[in-house]
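Residues in the sequence shown are numbered consecutively from 7, following the working numbering.
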Amino acid sequence: MNRNNSTNLWAQLRILLLLLALSFPTQGIFAAGDPAKTKALITILGSQAELRDKSRACKDAGAFGTAEIVPVLAGLLSDEKLAAYARGSLEIIPEEAAREALRTALSQLKGKYLAGVINSLGNLRDEKSAPALRKLATDPAKGVATHALMALGRIADPESLKLLSKMLTTEPAGSNGDAALACLLAAERQLQLGNATQAQEICDSIIASKAPLAQKVAAVRGSIVARKDKAGPFLLVQLKSQNPALRDAALLGVREIPSKTAGVVLKEAFKEAQPEQRQMLLRALVECDLPSAAEVARANLDAEDSGLRTTALKAFSRSVGPADCEVLIASLQRTPEEAAIAYAGLVKLVGAEIDSKILTGLDAAKTPKLKTSLIELLADRYASNATAKLLQLATDPDKEVKLAACNALRALAKPQDLPALITLIKGMPQGTARAAVGIAIASVARQVGQPASEQILAEYNSASDIEWKKDWGAMLISIGYQPFLPIVQSLIQSGDPALADSLILKLGRWPNPAPIQFLLPQLSGSQTGRSRRALTAIVELAVSSIQDKKQPVTEIIDLFRQLQKSANKVEDKRLVISGLGNLKHRESIKMLTPYYEDQEVKGEATAAILTAGDRLSKNTAVELVPLLHRIIKETDSKPTRAKAERMLYLLKRSTPAAPAEA
């Protein structure tokens, strides 16, 4: 079977299953009618009222109508505009007169109106209409045979079942699809009534017939469900079928029978299946949450077929325990997909015992790739007993292993590791690994407090190399060590320019807005590079102050007004715009508006307006809506236009009087 045919088949099967799911009676949904409302509805339906009023009356008749309104609705069953409404209400009205009106209409209507009535009687499972429906089902000239067959399948009375069975076996191959579908509906009805044996017989007759494959596939599923805990032998036959569609149907049905039966059958089928089939069987074992899934998965972790091996590893990792840790560690060296599955399984395991096993695996690891994976795993697990090993590997000859260990120390280092970290970093050359250890030191120092900060400051003061001063200074800035601020301020005024410029840029990471006041004078200085570094740091400090709520929004707004005055170059404007985009305040939209008019930074201003607008309440519509209209008209970017349109829609929906476009 080619792929297109298979896709079409399963599309048909979904439709069949939907039909089965929808085959329910509508009778009894509403309570008895209201005589007073019924009279009012009759008056409307007999008047010259507009169509919408009559259609509403037809629908209300189902909820409130009594037997008195039935003749009126019956008279509308051939009305082009109201037939569907009338028929729907007749299905719902809990009066025998309503059913009789539909039955009578079978001999009075033609074409689509007749088909509609047939469908209604099928929905109602009206056995009294079955004789008339059987005649229509065997009379092609009426043009409603298919509808009649479906109705008979829903009714599923004994005589109708005989007719359907006869049509299933006597009609030519391929032309009995309607009869087969009707039989499926009948089988579903028998299941609902508790007649599992009869449902099974109907499904088996479809499978044995020359019905289209889609109907046979649905019948396989139905037969398995009907057999319940006795489905084993039949299910095993289907799983061994040469037809992949029937095998897939069996796998669909296996999810609906008792798990003990399913487990035994799937394990048995697994023994003789091909690798591709084994993947599906194993997935079924897992999805059914069967105990045997782990056993089968473990047995196939070393399968030659990579697809089966991956499926087995997925199943195995779902219920893995401490004793299986080594298996997952070994799988980290396989294909990228298998390594990712094993990694995820190891992350979710809980306990120091697992950390110890990973450390043992790290000691035994031969390749840098495996060492790196295990180091990252320890970091993701927050392994508390790993720092000693990580400090050792932080000097590993392999660059990737070394960097992984240094990065892991950022998450795992503890206060007692501070002396070892300082010793480690002092022996490291400049680079990414040294920077990672610096971050680890700062993290630990924040936990230790002032003594650690004093120790780092002492290292800064004693360092003769400017690069070391930059690194120690960066740590103190990250910590937010207050006594270091006057040192930086003095350095900016009369110290080494290169060191001062480096620390100015890093001041944007200070944990509070304190440095802003002595950075502001640098904006008007003659050194363009220093001015831009100061502006970058100020914007970072302002944005983080807003996000961490460390400074009133009004003060930050005033600060940005001040920054606007000194930002004359394009690069400086972009920095200010990026900061304004992160302010949750209507004033940020006002301040971004002039930048939108500036062609040099219009694109950046547009992005900032949309970012800021996304965080604003409906009260900002006065400033924002006109800008959104302009962005929609003027932008060439489809994603930008779509975002602006979405934002405009939400604002107009939530704002009673959003301003119209100028």
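Positions of the beta carbon are idealized from the N, C-alpha and C atoms, including for glycine.
Backbone secondary structure at residue i - three-state DSSP
i: glycine 52; result: coil
i: glutamine 33; result: In this prediction, glutamine 33 has a pLDDT of 44, which is less than 50 and means its spatial position is unreliable; what the coordinates show is noted afterwards. Coil at glutamine 33, not helix or strand.
i: tyrosine 487; result: coil
i: glycine 238; result: helix
i: leucine 82; result: coil
i: tryptophan 478; result: helix
i: leucine 28; result: A caution first: leucine 28 carries a pLDDT of 43, below 50, which makes its placement in the model too unreliable to give a value.
i: alanine 648; result: helix
i: glutamine 568; result: helix
i: threonine 144; result: coil
i: proline 264; result: coil
i: glutamate 177; result: coil
i: glutamine 285; result: helix
i: alanine 191; result: The sequence shown places leucine at residue 191, rather than the alanine named in the question. Residue state, collapsed to three classes: helix.
i: isoleucine 307; result: Reading off the sequence, residue 307 comes out as leucine, not isoleucine. Leucine 307 falls in the coil class under three-state DSSP.
i: glycine 514; result: helix
i: methionine 434; result: coil
i: glycine 39; result: coil
i: threonine 373; result: coil
i: leucine 633; result: helix
i: glutamine 499; result: helix
Opening and closing residue of the alpha helix (DSSP H) in which residue i lies
i: cysteine 209; result: 202-214
i: cysteine 294; result: Cysteine 294 -> no alpha helix (DSSP H), and no H or E assigned at all.
i: asparagine 129; result: 117-130
i: aspartate 361; result: 358-370
i: serine 551; result: 534-553
i: alanine 91; result: Looking at the sequence itself, residue 91 is tyrosine, so the reference to alanine does not match. Start and end: 89-98.
i: alanine 670; result: With the chain covering 7 to 668 only, the question about residue 670 has no answer from this structure.
i: proline 342; result: 342-354
i: glycine 619; result: 608-619
i: threonine 401; result: Run containing threonine 401: none; DSSP gives neither H nor E here.
i: lysine 408; result: 405-418
i: valine 323; result: Sequence inspection shows serine at residue 323; the valine mentioned does not correspond to that position. Taken as a continuous stretch (DSSP letters only), the alpha helix (DSSP H) holding serine 323 covers 312-324.
i: glutamine 528; result: Unbroken run through glutamine 528: none, as it is neither H nor E.
i: asparagine 467; result: 456-468
i: alanine 73; result: Careful: alanine 73 lies outside any alpha helix (DSSP H) and carries neither H nor E.
i: tyrosine 388; result: It is not in any alpha helix (DSSP H) - tyrosine 388 carries neither H nor E in the DSSP assignment.
For residue i, the nearest candidate out of the options (CA to CA)
i: glutamine 453; options: Ala464, Lys266, Ser484, Val231; result: Ser484
i: isoleucine 161; options: Met173, Ala279, Leu139; result: Leu139
i: isoleucine 472; options: Leu497, Val450, Ala458, Lys45; result: Leu497
i: lysine 590; options: Ile493, Gln568, Val559, Tyr602; result: Val559
i: glycine 68; options: Asp85, Ala417, Ile48, Gly52; result: Ile48
i: leucine 399; options: Pro425, Lys579, Ala371, Tyr388; result: Ala371
i: alanine 111; options: Ala92, Val270, Leu509, Thr599; result: Ala92
i: glycine 535; options: Ala480, Asp59, Ala504; result: Ala504
i: glutamate 310; options: Cys331, Arg284, Ala329, Glu332; result: Arg284
i: lysine 658; options: Pro645, Arg647, Pro632; result: Pro632
i: lysine 87; options: Arg58, Glu106, Glu101, Phe70; result: Arg58
i: glutamine 280; options: Lys579, Ala255, Ser247, Pro264; result: Ser247
i: leucine 430; options: Gly444, Lys420, Pro421, Thr438; result: Gly444
i: alanine 358; options: Ile493, Leu368, Asp184, Arg387; result: Arg387
Test item: CB-CB of residue i and residue j under 9 Å
i: alanine 157; j: leucine 127; result: yes
i: glycine 514; j: alanine 543; result: yes
i: alanine 303; j: leucine 287; result: no
i: glycine 327; j: glutamate 282; result: no
i: alanine 446; j: leucine 409; result: no
i: leucine 622; j: arginine 652; result: no
i: glycine 39; j: lysine 65; result: no
i: leucine 197; j: valine 226; result: no
i: valine 607; j: leucine 569; result: no
i: arginine 261; j: cysteine 294; result: yes
i: alanine 392; j: leucine 352; result: no
i: lysine 60; j: isoleucine 50; result: yes
i: leucine 252; j: valine 223; result: yes
i: leucine 384; j: leucine 418; result: yes
i: glycine 228; j: threonine 267; result: no
i: alanine 256; j: alanine 217; result: no
i: leucine 83; j: valine 123; result: yes
i: glycine 52; j: valine 78; result: yes
i: leucine 242; j: alanine 275; result: yes
i: glutamate 465; j: isoleucine 428; result: yes
i: leucine 380; j: leucine 338; result: yes
i: isoleucine 510; j: alanine 548; result: no
Test: residue i CB closer than 9 Å to a CB of chain C
i: leucine 581; result: Although the question refers to chain C, the structure presented lacks it and comprises just one protein chain.
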